[in-house]
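Enquirer: For what it's worth, the working numbering labels the leading residue of the sequence shown as 1, then goes sequentially. My questions all concern the structure below.
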Amino acid sequence: MGKIKKYADAILFAIAALFLLIGFSLYYVKLAGMQNLIVVHFVGGRGADVLGGKEDALKMLFAGTGIGIINAFLAGILWNRNRVMARFAGIFTFLVALLICIAILAIITVN
């Protein structure tokens with residue numbers, strides 16, 4: 001049973017990496033060829049309130065990748081000491097990657 005729990009943490013990081021890979025793929029398919037400004041933040045009642053370049057979306061993806069790498073490193077260190085914190089790092093990384101993927105999808109949809 002212990003190996004299954006350890007693999008569960010690895011699966012969380014793998015799914016987070018998959019979400020980030022999907023985000024990078026969507027970026028390169030839909031946003032990489034754009035030359036004009038894109039809507040980075042959209043509020044339903046007021047409309048677009050932050051305009052930026054396609055680089056802003058790419059910065060979000062790289063920030064998520066950095067967070068995932070740091071959290072995977074910390075979870076590896078914490079696995080033998082505090083498994084609850086290691087699991088929390090995995091869940092946090094998964095949620096951040098999911099939110100970044102949703103944000104890239106929203107940016108593509110608005111533009």
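Even glycine gets a Cβ: it sits at the ideal position worked out from N, Cα and C.
(1) Shortest alpha-carbon distance to ALA32 belongs to which of ALA57, LEU74 and LEU20?
(2) Any idea if ASN71 is buried or exposed, counting beta-carbon neighbours within 10 angstroms, 16 or more meaning buried?
(3) Could you give the C-beta distance for LEU12 and THR65, rounded to a whole number, given that I count them as a contact under 8 Å?
(4) Would you grab the beta carbon distance between LYS54 and MET34 for me? Rounded to a whole angstrom, and I think it's under 8 Å.
(5) Pull up the distance between the alpha-carbon of MET1 and that of ILE108, whole angstroms please.
(6) Exposed or buried, which one is GLY68 when buried takes at least 16 other CB atoms within 10 Å?
(7) Check whether the segment 18–29 touches the segment 73–88, counting contact only when three or more Cβ pairs, one atom from each stretch, lie closer than 8 Å.
(8) Distance, Cα to Cα, ALA14 vs PHE88?
Expert: Quick answer:
(1) ALA57
(2) buried
(3) Wrong, their Cβ atoms sit about 16 Å apart, outside the cutoff.
(4) 5 Å
(5) In this predicted model, MET1 has a pLDDT of only 49, less than 50, meaning its place in the structure is not dependable; the value taken from the coordinates is given anyway. Their Cα atoms are separated by approximately 42 Å.
(6) buried
(7) no
(8) 15 Å
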